[in-house]
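To keep things clear, I will list the structure first and then write my remarks on it.
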Amino acid sequence: MRRHLELLGLFAATALLLARPDLATLAAGLGLFLWGMSHLEEGIKRLSAGTLDRWLHNATRSPAWAIGVGARHRPGAVQFADHAARHVLLVLFGIIATVVMQSSHATLLLTLTALASGQLPYLPALAIAIGANVGTTVTAVLGALAAGAAALVDSPQTN
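With our numbering applied, the sequence shown covers 4 to 162.
See the structure below:
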């Protein structure tokens, strides 16, 4: 059924291309994006057969467990602190992933794919998305700091 819809979309895009090339380009770009997303989701599902599923479960369950301490059932306040720390770590993960990949879109795409395939719960995905948005500013801040230092050196002194 899905392949039939893809073929129908291809025929519709061809007809649109003949009538309005500008809209056809927009439709083709959107179609390729959605097609890529569906294939990325399928790939994540296939990959999650074992290792990725366990890794994501362990990484989003408890920060202490993720670093190997093995902390489990705890009383209220400590359990809340673990819960908050887990989300702070996921925000930091989003920041680091965005800075390393130099793209918040790539971080969000991978996060949304893991969310759509059921490999990542909603709240951890939200924490990573917040980190990706914060991570976007890190490159700009570093550039501004470097430019600010260079601007101070090169600027003439005015009295």
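Built from N, CA and C at the ideal position, the CB exists for glycine as well.
Beta-carbon separation of residue i and residue j under 8 Å?
{"i": "residue 133", "j": "residue 94", "result": "yes"}
{"i": "residue 44", "j": "residue 119", "result": "yes"}
{"i": "residue 105", "j": "residue 142", "result": "yes"}
{"i": "residue 130", "j": "residue 97", "result": "yes"}
{"i": "residue 110", "j": "residue 128", "result": "no"}
Indicate the three-state DSSP secondary structure (helix, strand or coil) for residue i in the structure shown.
{"i": "residue 41", "result": "helix"}
{"i": "residue 145", "result": "helix"}
{"i": "residue 12", "result": "helix"}
{"i": "residue 124", "result": "coil"}
{"i": "residue 49", "result": "helix"}
{"i": "residue 106", "result": "coil"}
Cutting at 8 Å between CB atoms, please list the residues of its own chain near residue i, excluding the five before and the five after it.
{"i": "residue 163", "result": "This structure cannot settle anything about residue 163, because the visible part of the chain is limited to 4 through 162."}
{"i": "residue 47", "result": "55, 116, 117, 120 and 122"}
{"i": "residue 148", "result": "none"}
{"i": "residue 38", "result": "9"}
{"i": "residue 135", "result": "97, 98, 100, 101, 107, 110, 111 and 114"}
**Request:** Would you be able to state if there are at least three C-beta pairs under 8 Å between the segment 83–102 and the segment 10–30?
**Result:** no
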